[in-house]
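Start counting the sequence shown at 118; every next residue gets the next number (the numbering used here).
Don't be surprised by glycine CBs; every beta carbon is placed ideally from N, CA and C.
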Amino acid sequence: MPRERRQKDSEASDASPQVRQERKWIWYHPEQDGKPAKKEFNSLPAAGKGRLLAVVKRYLEGASRRHDIDHLGSGMYEARTQVGNDHYRVLFFHWGPDCVALTAFYKNQRKTPKVEKERAESRRTQWEGQYGKHP
């Protein structure tokens, strides 16, 4: 019996661990406008910002919870949180291993507002035009 254990232990040590590339969070920043997405985020109430930061941190670490992130289609994602009856969102996309935050807002309707999705799509197009589709 001990011989089998040793063999399994040595087999396990031969397996190379998967190395996960670290993700970074980048705020959308066109050349002339500063960082409008970060300004939008900073204008949210402190409780909403704190909860969204926790969601983003978990996501970047690969430890997000079931309802933290929603895929909206076309490579667009939504970081989500709720404080009481108030819903807060950050729309972002993957740019290589990194995440680019496009817009942050308070949501007071059932679906993500169309204007916010359109703003995020427009900013994504601008980002990819300026920096490319891949880093």
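Check: Around the Cβ of Lys174, are there at least 16 other Cβ atoms within 10 angstroms (buried) or fewer (exposed)?; Outcome: exposed
Check: Relative to the C-alpha of His188, which candidate in His251, Lys234, Gln247 and Arg240 has its C-alpha closest?; Outcome: Lys234
Check: Quick check: what's the CA-CA separation for Pro230 versus Glu139?; Outcome: 31 Å
Check: So if DSSP puts Tyr194 in a beta bridge, which residue, or which two residues, is it bridged to?; Outcome: His188 and Phe209
Check: Is the distance from the Cβ of Ile186 to the Cβ of Ala196 below 7 Å?; Outcome: yes
Check: Taking DSSP as the reference, what is the three-state secondary structure of Tyr145?; Outcome: coil
Check: What's the call for Ala164, buried or exposed, on a 16-neighbour Cβ count within 10 Å?; Outcome: exposed
Check: Could you please give me the residues that DSSP links to Ala218 through a beta bridge?; Outcome: Trp144 and Phe209
Check: According to the Cβ coordinates, are Gly192 and Phe210 closer than 7 Å?; Outcome: yes
Check: Secondary structure at Gln243, three-state DSSP: helix, strand or coil?; Outcome: helix
Check: Where does Lys228 sit, in a helix, a strand or coil, going by DSSP?; Outcome: coil
Check: Within 10 Å of its beta-carbon, does Pro176 have 16 or more other beta-carbons around it, so buried, or fewer, so exposed?; Outcome: The question names Pro, but residue 176 is Tyr in the sequence shown. Tyr176 is buried by the Cβ-count criterion.
Check: Spatial neighbours of Asn202 within its chain, please: C-beta separation below 6 Å, excluding the five flanking residues on both sides.; Outcome: none
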